Each structure stands twice: as structure tokens, then as C-alpha cells.
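Residue numbers (my numbering): 85 to 598.
Cβ atoms here follow ideal geometry from the backbone N, Cα and C, with glycine treated the same way.
As the structure is a prediction and not an experimental result, all values here were calculated from the model.
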Amino acid sequence: MGDPAEDRVVTMAGTPEVAGGPGLRSIDAGVPGTRSRDPARLRRPLRIRHFHLRILGRELSSPFLLLFCTEALVLAFAILLSGYVLPLFSSPGPDIAVDSIQIALFMALHMVGMLCMGLYRRGFRGGVAAVASRVTGALALGTALMAVLFLPFPGLSMPWQGLLAATGLALPGLLAVRFGIHHLVDHNAFKRRVLVLGAGEGASMFQRLRRRADRVGFTVVGFVPGGEGRTRVSGESVVRLDEPLPDFVRRHHIDDVVVAYDDPRGGFPADELMHCKMHGLNVLDVADFFEREAGLLRLDVLRPSSFVFGRGFRHSVYRDHAKRVLDVVTSLVLLGLTWPLMLVCALGIALEDRGRGSVIFRQVRTGQHGNPFTLFKFRSMVMDAERDGVARWAQKGDPRVTRFGAFMRKTRLDELPQLFNVLRGDMSFVGPRPERPEFVESLAVKLPYYRHRHWVKPGLTGWAQIHYPYGASEEDAFEKLKYDLYYVKNQSMALDLLTILQTVEVVLWGRGSR
């Protein structure tokens with residue numbers, strides 16, 4: 085076990101926390117090398133009931149729903165105020181139907197802009213300047229989308245002065261709401277209180293969460309050992325129940341009970357857990373908890389039977405057809421919008437290399453069910469970048485990358501020819517990124533479940549690409565595999581649309597490029 089000072093559960097305020105109250109007693113005396121914690125110092129917390137809603141296959145928490153709905157109301161009030169405060173900009177003659185559609189479009193398209201700027205991305209907690217710049221960008225994008233929509237539907241258009249006035253009124257309101265709600269959510273009263281059953285290896289991953297974003301939604305009340313043998317969590321966070329589990333849960337306002345026993349045969353309280361579950365409490369195993377909180381699958385606690393008997397990992401003919409329609413339509417639209425950029429890229433490559441070498445780079449990649457296909461990209465490296473025939477990961481500051489190639493990689497323009505792969509059916513718009521067969525053979529031996537990512541078509545963008553930086557090692561491949569398998573398990577049209585929208589942030593901010 086590591087240094088107890090380093091391994092303690094840390095709250096958002098940065099202080100070690102084990103929350104409790106009556107019925108909670110430390111058992112540190114039985115754990116060598118740990119410190120005792122006086123139960124009298126443990127205070128009863130302010131109580132706020134938390135919940136999750138599952139909408140279109142996505143788990144949405146109460147803090148997220150509070151932020152989302154409040155910002156939607158701010159946008160609605162902004163466009164209403166722009167009409168009342170600036171009546172000169174209002175259209176003559178009230179038309180309730182048109183006004184209602186305009187309000188709905190203003191809200192929806194600006195919320196899409198917020199999604200595209202990463203403002204609803206899991207764990208996003210930027211500073212004042214970062215949030216202000218992204219909110220401003222989201223409003224600008226939403227306004228531009230409205231202007232484009234008004235072209236084919238002039239009957240829905242509104243005066244540009246009124247549109248700009250509504251956008252200007254929304255900016256301070258959105259900033260105030262976002263910082264206010266984030267401040268409230270940082271308070272422990274707005275965090276879900278989690279009781280972990282277990283104190284071994286499975287439970288220790290809670291105390292290995294170092295990033296602030298990983299702990300933003302919950303606080304650990306304590307760890308209840310279950311006969312794992314050696315305790316793997318800090319002693320001051322280990323607790324013993326002096327009352328039945330349902331009574332303890334009710335008395336200490338627990339929201340989630342997470343079962344993290346290394347060996348549940350040591351005493352699994354099935355009856356007590358069912359009592360908690362039937363009274364509205366969330367009872368999860370450790371794998372499901374981290375899937376919900378982090379949007380990934382923890383491979384170190386995932387059982388092979390989960391792929392067969394667990395939720396998800398389902399095939400749907402209707403979803404496949406709808407996904408194919410989305411792929412074709414999205415690819416055709418993007419090809420129509422980006423062909424001038426593709427011409428510029430081709431010209432830039434030709435000028436830098438003085439006409440030597442091919443503009444398009446072709447490479448064999450592993451596709452669905454392990455079938456190989458030829459992937460197209462704009463060439464961003466020098467010719468014969470692998471003269472010795474040895475496959476290499478692209479590294480940060482890779483000397484093989486040309487100057488214009490570095491620009492294309494930063495802006496993701498080198499990926500545009502893969503739209504033709506999507507049209508051909510080799511790839512989908514959303515899915516795990518395709519890897520080279522040389523890497524696949526090596527990674528499949530070293531990483532568990534690696535070949536499972538090939539159950540779906542590879543994608544131009546993916547769930548891993550919007551949550552993890554560019555991978556250039558086996559360690560990176562292991563981390564990205566957690567997100568890829570989450571996508572394979574939970575794939576849906578809603579998840580595809582969310583991934584496409586959040587890819588805009590990756591492109592604009594250049595996250596993860598090399």
C-alpha cells in the first residue's frame with residue numbers, strides 16, 4: 085500500500101474526506117500502519133437527493149440536467165428579452181407559431197453550439213478565460229447555424245439586429261449560470277455519496293483517481309472490508325457497520341452502494357443489497373460504476389462473462405441501416421463543403437515537395453471483423469518514411485512530418501480523404517480508429533479484449549478520440565481500448581451524433597494531434 089497521505093480519498097475542496105455519522109466506527113486498530121479517525125468529528129451532511137435519467141441510452145446525472153435545463157432557459161429568456169427590450173427589432177404583427185419556432189430554434193442550435201465547443205463534455209472544468217471563449221464561440225456558431233437555416237426557410241427568419249441582441253443578452257447569462265452551478269456542484273452537498281463494499285484491489289481504484297474531473301460527481305463515504313485479506317485502501321477510510329446495511333445507508337444518506345469485493349464468496353450481503361435496491365438506492369458493481377462515471381470500461385475488473393450476459397453489446401439491423409444512411413449523408417455533405425480545402429491541401433503538399441511523390445497516402449488498416457482495407461489520407465510525412473520496413477508509432481514532434489503536414493495533422497485536414505472510405509463502406513463515420521495490422525497483432529497478444537473493438541466498423545472519429553489524446557504507445561492503446569469498448573457496448577445513433585458534435589471541439593482546439 086502506498087503512502088497513506090497520497091492515497092487518501094480527496095474531495096473537490098482538496099481535503100481528505102470520510103463522511104459519516106452515527107453507526108460508523110473506525111477499525112483502523114486492526115490495520116497496521118494506519119491512523120485512527122475520531123467518529124465524533126464526522127458530521128451529518130446537508131442532504132440533496134441525486135438521480136440519473138437514462139435518455140437515448142445515455143446516463144444523465146442531476147447536476148448535468150440542472151446545468152443543461154438552466155442554460156436552455158437562459159437562451160429562451162434572452163430571445164424573449166430581445167423582443168421586449170428592443171421592440172424596434174421585432175417583426176411587425178405577432179405570429180405566435182413563428183415566434184415559438186424561432187425561440188425553439190434559437191435554443192436548440194445554440195445548445196448544439198455548446199456541445200460542439202465541448203462545454204458539456206464529461207469532466208470539462210475550464211477557467212474563466214477558457215469558459216468565456218468557448219461560450220462565445222458556441223453562441224457565434226449557433227448564430228451562424230441560424231443564419232444558414234434562414235436561407236432555405238425565409239419565413240422563419242428574424243431581423244439580424246434582434247438575433248445579435250439575443251446573442252448578446254445570452255452571453256452574460258450563460259457565464260453567470262455556468263460558474264454559479266459549477267460552484268454549487270463543487271459543494272459536497274451536490275455530490276453523490278458512495279459507500280464501497282470492499283477494501284481490496286477493486287476498491288483501491290477509487291483512491292487512485294488523481295484528476296479533479298474524475299471525482300467531480302461523487303465523494304466516498306467509506307470502504308467496508310469483506311474478507312479480501314490485505315487492505316488496499318488507506319486505513320482512515322475503512323469503516324465497520326454497527327447496524328444493518330439498509331439502516332446505515334439511510335442514516336448516512338448514501339446514494340450509491342458499489343460492490344467492489346475481490347472475492348464475493350467471502351460474504352456477499354445479497355438480501356441487504358436487494359433491500360436497498362428495492363427502496364430506490366443505486367446498487368452497482370465497480371465496473372458499472374466507472375462506466376457510468378467515466379464513460380469507459382475498466383478492463384482490470386471486467387469479467388469475460390460481461391460481454392455475453394451484461395447489458396449492451398447488441399446488434400441491431402435497424403441501427404446498422406440508420407447508421408449507414410447517416411454515414412453516406414454526412415460524408416456527401418462534408419465532401420461538398422470541404423472540397424475547396426481538399427484542393428488547398430493537395431496544392432500545399434505538391435508545392436512543398438515540388439511535385440515529387442503522391443499527394444494521397446495509402447496504407448493497409450484492419451477493419452471490421454479483422455478484414456484489411458486500404459485507408460486514404462493526405463500525405464503528411466516525407467516519402468519513404470519507413471525505409472527499413474519497420475512500422476513505427478507517430479511521435480510528438482516526429483521528424484518525418486513535413487511542415488505542411490504538421491499543419492494538416494493539427495487541423496485534422498489530413499483525414500479528409502477518409503470520407504471516401506466511409507462512402508465505400510470500409511469505415512463508418514463514428515467508430516474505433518483503424519490500426520495497422522502490424523500493431524494489431526502485437527496489441528492483441530498483450531491487451532485483453534483488444535480484438536473485440538473490431539466487432540464494429542472503424543471510424544473517422546470515435547469515442548476514444550474525443551476523450552483521450554493521440555495514442556503513440558502500447559500504454560496509450562490500452563487506455564484508448566477502454567473507451568473503444570465502451571462505444572462498442574453502448575453504440576447507438578444518439579452516441580454517434582454526440583461523438584460527431586464533440587469532434588468539432590477536437591478539431592478547433594487541436595486536442596491530441598501529432
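Own chain partners of residue i with C-beta closer than 7 Å, once the 5 adjacent residues on each side are dropped
i: L268; result: F274
i: V514; result: G543, T545, G546, D580, T583 and I584
i: K541; result: G451, Q452, M511, S512 and G515
i: R537; result: P516, L565, D568, L569 and V572
i: V412; result: L507
Assigned exposure category for residue i - 16 Cβ within 10 Å defines buried
i: Q586; result: buried
i: R487; result: exposed
i: T458; result: exposed
i: R128; result: Confidence in R128 is poor, its pLDDT being 46 and thus under 50, which makes the residue's placement too unreliable to answer from.
i: G439; result: exposed
i: V342; result: buried
i: V588; result: buried
i: F393; result: exposed
i: A254; result: buried
i: A228; result: exposed
i: N366; result: buried
i: Y402; result: exposed
i: K480; result: exposed
i: H405; result: exposed
i: G432; result: buried
i: S321; result: buried
i: E499; result: buried
i: A231; result: exposed
i: P532; result: exposed
i: Q245; result: exposed
i: L247; result: buried
i: A188; result: exposed
Given residue i as reference, the closest of the options once Cα atoms are compared
i: S390; options: M198, S400 and D372; result: D372
i: L450; options: E470, T227, P518 and S442; result: Sequence inspection shows Thr at residue 450; the Leu mentioned does not correspond to that position. It is P518.
i: D568; options: F504, E327, P553 and Q549; result: Q549
i: F237; options: P256, R463 and I185; result: I185
i: S400; options: V212, S146 and Q575; result: Q575
i: D270; options: D411, R535 and F148; result: F148
i: Y570; options: W593, K494, R376 and C429; result: R376
i: F445; options: L425, D482 and Q502; result: Q502
i: T251; options: L531, R535 and L225; result: L225
i: F491; options: A430, L410 and M577; result: A430
i: S212; options: I187, P256 and D183; result: It is Val, not Ser, that sits at residue 212 in the sequence shown. The candidate whose alpha carbon is nearest that of V212 is P256.
i: M577; options: K407, P353 and V529; result: K407
Nonlocal neighbours in the same chain, by C-beta distance under 6 Å from residue i, ignoring five residues either side
i: V385; result: G286, V370 and A371
i: R484; result: M465, V466 and A469
i: R382; result: A371 and F374
i: D122; result: Summary for D122: the model assigns pLDDT 39, below 50, so the residue's position carries little reliability; its value from the coordinates is reported in the next sentence. Correct list: empty, nothing qualifies.
i: G441; result: M467
i: W593; result: none
i: G396; result: K573 and N574
i: G454; result: H538
Cβ pair residue i, residue j closer than 7 Å
i: V572; j: R496; result: no
i: A156; j: M198; result: no
i: R277; j: V305; result: yes
i: V261; j: T414; result: no
i: Y552; j: E563; result: yes
i: L527; j: A475; result: no
i: G379; j: R206; result: yes
i: S288; j: R314; result: no
i: F504; j: F460; result: yes
i: G282; j: G310; result: yes
i: V280; j: F302; result: no
i: L151; j: H194; result: no
i: G284; j: D346; result: yes
Residues that residue i bridges to, as DSSP identifies them
i: V370; result: Note: V370 sits in no beta bridge, so no partner.
i: L418; result: For L418, which the question treats as bridged, DSSP gives no partner whatsoever.
i: A279; result: Reading off the sequence shown, one finds Leu at residue 279, where the question assumed Ala. Note: L279 sits in a beta bridge opposite G306 and V341.
i: V485; result: M465
i: V448; result: T458
i: S512; result: G543
Neighbourhood of residue i by C-beta, 8 Å cutoff - its chain only, sequence neighbours within 5 removed
i: E356; result: P328, L329 and P330
i: Q447; result: T458, L459, K461 and R520
i: S241; result: F234
i: V215; result: L203, L259, R262 and F263
i: G210; result: R218
i: D437; result: M467 and T486
i: K361; result: V367
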